[in-house]
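Numbering (the working numbering), first residue to last: 8 to 171.
What follows is the structure, given as structure tokens:
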């Protein structure tokens, strides 16, 4: 084999190894995050900082937690998409029915800083994001781990009013 062919094969194998390594690191990261995911609710319930208590509590429930959090993430995206869709539909109808003009307000460079108050669609988006979308998605995000903690810790140990 020529030097060029050897270099091409080495480069390709290096790229494949890099991708496999990155996927492996990501999987390990997800596993560790899943095992420590109940740290917050458990610390609130026990009223003390308990970083690794979640590690013992989640033993054997890794895939269950992973799929539960995955479903929660999908539901958060659905809620976000529905809220944005409704907002864009309302904004488009209120600004004359021109969808391209409404969406163009999101892409203009003048949306930075105080210029946002000059564009009612952007101001409305900020209000919808802060008053509706963020509270809904935060409740889903934190509620998932609180609910998982209640289930894994047993109902006698953790009640909803004690967790948060």
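A virtual CB, placed ideally from N, CA and C, is assigned to each residue, including glycine. Every value quoted in this text rests on a predicted model; they were computed, and no experiment measured them.
- In this structure, the CA atom of residue 47 is about 23 Å from the CA atom of residue 84.
- A distance below 8 Å separates the beta carbons of residue 64 and residue 160.
- Annotation for residue 82: 147 place their beta carbon closer than 8 Å to its own, counting only its chain and skipping 5 residues before and after.
- The beta carbon of residue 110 lies closer than 8 Å to those of 95 in the same chain, with the five residues before and after it left out.
- Counting every other CB atom within 10 Å of its CB across the protein chains shown gives residue 26 a total below 16, marking it as exposed.
- Just so you know, the alpha carbons of residue 18 and residue 12 end up roughly 10 Å apart.
- Annotated three-state conformation of residue 161 is coil, per DSSP.
- At the C-beta level, residue 73 and residue 41 come within 8 Å of one another.
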